[in-house]
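Okay, so here's the structure we're looking at.
Residue numbers (UniProt numbering): 1 to 691.
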């Protein structure tokens, strides 16, 4: 979609026709007309209703063909059964864009999906683009092009600003709008796309990301229906120094079911969503508070460096609580240099704390030079990336204007984030009026600052990855047996255990001697993936007799189970330091996702897993491994030598490249366990499943 066309035809149209127009501004067909007139739209407005000659003071027309000029955009607010005909007529008349507010499409199941597919087909044939159906609509408050029926704009007056809100849901678009406007923050775009049948939320995000006036894009999704568009939006935002924060709902089983019934959305694999958003530098918020809480920091847009903060207050207790909460939240407090501490010691009273957290004490009341002096001393510390200033109480004697001026001067001089916490509304107003991010409580400020710092780190890690030009041809369908699975992985660069396929006990005994006389014997059949449940796994065999007995037992059981070509895998026993798991699942929208984490029998219990969207780099894999709860094992733990993180990371990369190069042939891979040693890794057991 050409974003320039979007801006012209949807966000700044020459004219807007409203099909199904109503005299009543409280009805869906009447409210957009009211908004267009009230909020300064400069183009023509054409109400279309065959039963009226005038609507809300404007001449009304019987049909789209009767309007004086072809409008760039139309609003369709008629019954679902009439929508297709209206879209056809609008497209044939030369209308470029339609906001379809009518419901009764894919959100209603199979019959509704068929109707929606027909709607899209008609739109394609006639050259018109669609937002919706089941859409609340779009609004651009910079141009007054409010093609939207939300009642929110009746009660909460719009103000143009540097924020865009894009949502599949109507309510999820206006909730953050209301909360931001309550804080005095302006919003330029509010767009709710409904069923995303054509120009969906991802395309809208791409469009608003190209607006140089937008510095923060808030996106609510029930399905990432167009990953390429969302990735493009993220790239455009990064190039301009803007940010995208997204809520992707449907992460729970019931949430996914609700999303499907709401907009017909396919929720997708939640781990894949996490990996996709992280890949593109998009912060994933889990609730409405996280969605908007760091907004003042995003708009200030100072470099948070490594995200190491300094906490200060004129209350020792508050400073300590701030430090405690910062640690629990994952916001690192920096260690001040000796030089900085010496400077602070000259400024603070003897009973103050010249450290981090920093206690300025109540002496700040009688010393107007203390606060700016403290800020300047800390501002030159190379490890101080951000500031938390807590003002738990301020009354007579506090020169709040001077404090705010000093804080503003610090932020402007050092270009470092500074947040203020103050429970008193009048105190917050002084700092907010000075242009500083201000919060009610210390936890509010710490959570916002931690998110902002982490988001900047996420963006710095974001980089383009080369497309895979090599593709492999996978033969076969369904589950592959262990031997085939290990062979596929070995050919792809994943280290696998030394093994041999055997069809007789004699072959197995020969393999036993060749593999070092310490082996495992396992039945090998594609239709028996869970071998241990059928007594087809024999471990730690050290004699030829044991190998012969185990082989004969496995071959016999496989024959009894109806396997026509029974065979066994004789594999070298590996003593690893720790068991890990590698796996692949293929998301229908986002592609292959690699899972890596603690493996073995405790996999389901511990669930210490990281996910990566393939393809990815060794550095990406190492970072994911270190973020695991057992990540300390890679540096050595309690006298145990370090595990080989690079070897495991390389194996994960090889698996990701295999999954990417397989195209649509691969369904899943399960490698459990992967034995990780002090030097190297070995995949011991694997199952590959093909489509």
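Ideal Cβ positions, reconstructed from N, Cα and C, are used throughout, including at glycine.
Since the structure is predicted, the reported quantities are computational estimates derived from the model, not experimental observations.
Between the CA atoms of residue j and residue i - distance to the nearest angstrom
i           : j           : result
residue 529 : residue 175 : 49 Å
residue 142 : residue 348 : 49 Å
residue 74  : residue 222 : 26 Å
residue 400 : residue 434 : 11 Å
residue 95  : residue 232 : 27 Å
residue 653 : residue 188 : 42 Å
residue 673 : residue 531 : 14 Å
residue 260 : residue 168 : Only weak support is given to the placement of residue 260: the predicted model assigns it a pLDDT of 46, under 50, and the question is left unresolved by the model.
residue 22  : residue 59  : 12 Å
residue 696 : residue 199 : As displayed, the chain neither begins before 1 nor continues past 691, which places residue 696 out of reach and without an answer.
residue 49  : residue 127 : 24 Å
residue 36  : residue 164 : 19 Å
residue 26  : residue 305 : 50 Å
residue 439 : residue 457 : 23 Å
residue 156 : residue 608 : 45 Å
residue 193 : residue 479 : 40 Å
residue 386 : residue 417 : 5 Å
residue 315 : residue 365 : 12 Å
residue 287 : residue 247 : 7 Å
residue 664 : residue 592 : 9 Å
residue 454 : residue 238 : 15 Å
Cβ neighbour criterion (16 or more within 10 Å) applied to residue i
i           : result
residue 482 : buried
residue 177 : buried
residue 298 : buried
residue 308 : buried
residue 637 : exposed
residue 106 : buried
residue 335 : exposed
residue 615 : buried
residue 159 : exposed
residue 551 : buried
residue 403 : buried
When the options are compared against residue i, the one with the closest alpha-carbon
i           : options               : result
residue 236 : 247, 213 and 376      : 213
residue 68  : 105, 603, 618 and 17  : 17
residue 606 : 666, 580 and 376      : 580
residue 274 : 86, 80 and 613        : 613
residue 320 : 508, 301 and 360      : 360
residue 45  : 51, 52 and 57         : 57
residue 643 : 659, 681, 671 and 278 : 681
residue 196 : 138, 154, 573 and 151 : 138
residue 339 : 382, 426, 352 and 431 : 382
residue 543 : 683, 649, 553 and 509 : 509
residue 375 : 618, 428, 311 and 12  : 311
residue 77  : 114, 136, 41 and 684  : 136
residue 517 : 172, 239 and 572      : 572
Residue range of the alpha helix (DSSP H) that includes residue i
i           : result
residue 667 : Counting along the chain, residue 667 falls outside any alpha helix (DSSP H), though it belongs to the beta strand (DSSP E) covering 666-676.
residue 35  : 31-38
residue 597 : First-last for residue 597: 591-598, but that is the beta strand (DSSP E), not the alpha helix (DSSP H).
residue 189 : Not the alpha helix (DSSP H): residue 189 falls in the beta strand (DSSP E), residues 189-192.
residue 567 : Taken as a continuous stretch (DSSP letters only), residue 567 belongs to no alpha helix (DSSP H), being part of the beta strand (DSSP E) at 567-572.
residue 47  : Per DSSP, residue 47 belongs to no alpha helix (DSSP H); it is in the beta strand (DSSP E), 44-48.
Reduced DSSP secondary structure (H/G/I, E/B, other) of residue i
i           : result
residue 268 : Reliability of the predicted coordinates at residue 268 is poor, the pLDDT of 47 falling under 50, and no value is obtained from them.
residue 390 : strand
residue 88  : helix
residue 359 : strand
residue 513 : helix
residue 259 : Legend: pLDDT at residue 259 = 46, less than 50; position of this residue unreliable, value from coordinates given subsequently. Residue 259: helix per DSSP, three-state reduction.
residue 332 : coil
residue 628 : coil
residue 499 : strand
residue 301 : coil
residue 449 : helix
residue 310 : strand
residue 610 : strand
residue 26  : coil
residue 346 : helix
Start-to-end residues for the beta strand (DSSP E) that takes in residue i
i           : result
residue 583 : 578-587
residue 519 : 519-524
residue 97  : 97-100
residue 248 : 243-248
residue 137 : 137-140
residue 682 : 681-683
Closer than 8 Å to chain C by CB, residue i
i           : result
residue 656 : Judged by its chain identifiers, the structure shown contains no chain C, having just a single protein chain.
Any non-hydrogen atom of the ligand SAM within 7 Å of residue i CB
i           : result
residue 341 : Only the bare structure without any ligand can be found here, which leaves the ligand SAM out of the picture.
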